[in-house]
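Peer 1: Encoded as structure tokens, here's the structure I'll be asking about.
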Amino acid sequence: MMEFHPPLLGLTKSQRAMIAARYFIDRKKRRRQWLLAARAAFTPGDRHPCVICGAYQGLAHAHHVLPLSIQFNAGLAEPDHEFVWLCPTHHEAAHEIIRGLLANVQPDLTGMPPAEKDALQPIGVRFVEKLVSAGGLR
């Protein structure tokens, strides 16, 4: 909920709505610019095989331990580019774990072998450590 500051108290409801809309538009623009700059500054180097299954070097994605969009929402001024190489399947699984952690629900990793689930756990733990050190979400 938006907190009203004394200068806003004398405004009409529609004037306050216009200010709020401008704030969200400005935030969306800042977010887009921040993400573009963060991605441009990210240079992961040569691809490596997935850290979970050891395969798919040519298809591996660089997965930010603390995803860039979450970094922006946490208010980081500078991006944190700690990452791991993950194949598409394990990259999606890492994001499913993150969604589960943020929503405080069990991630749906149906069909994934237990050894792979166990191997993904340190990525989830590191995500939480990074999020806490960033001050959480705002």
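Mind the numbering: the sequence shown is residues 199 to 336 in the numbering used here, read in order.
For every residue, glycine included, the Cβ atom is placed at its ideal position computed from N, Cα and C.
PHE240: buried (16+ other C-beta within 10 angstroms of its C-beta) or exposed?
Peer 2: exposed
Peer 1: Would you decide whether VAL326 is buried or exposed? Buried here means 16 or more other CB atoms lie within 10 Å of its CB.
Peer 2: exposed
Peer 1: Whose C-beta lies closer than 7 Å to the C-beta of ASP306 among residues of the same chain, with five residues either side of it excluded?
Peer 2: GLU294
Peer 1: Applying the 10 Å Cβ sphere with the 16-neighbour rule, what's the burial state of ALA301?
Peer 2: exposed
Peer 1: What are the boundary residues of the alpha helix (DSSP H) that includes PHE281?
Peer 2: From DSSP, PHE281 is part of no alpha helix (DSSP H) but of the beta strand (DSSP E) over 281-284.
Peer 1: Cα separation between HIS262 and GLN304?
Peer 2: 21 Å
Peer 1: Are the region 258-277 and the region 307-320 in contact at 8 Å, needing three or more beta carbon pairs?
Peer 2: no
Peer 1: For LEU175 and ALA332, which I take to be in contact (beta-carbon distance under 8 Å), what is that distance rounded to the nearest angstrom?
Peer 2: Residue 175 is absent from the model: the chain starts at 199 and stops at 336.
Peer 1: Mapping the DSSP letters down to three states, classify HIS262 as helix, strand or coil.
Peer 2: Strand, per DSSP.
Peer 1: Less than 8 Å between the beta carbons of ASP266 and LEU233, yes or no?
Peer 2: It should be noted that the sequence gives Leu, not Asp, for residue 266. For LEU266 and LEU233, yes; Cβs fall inside 8 Å.
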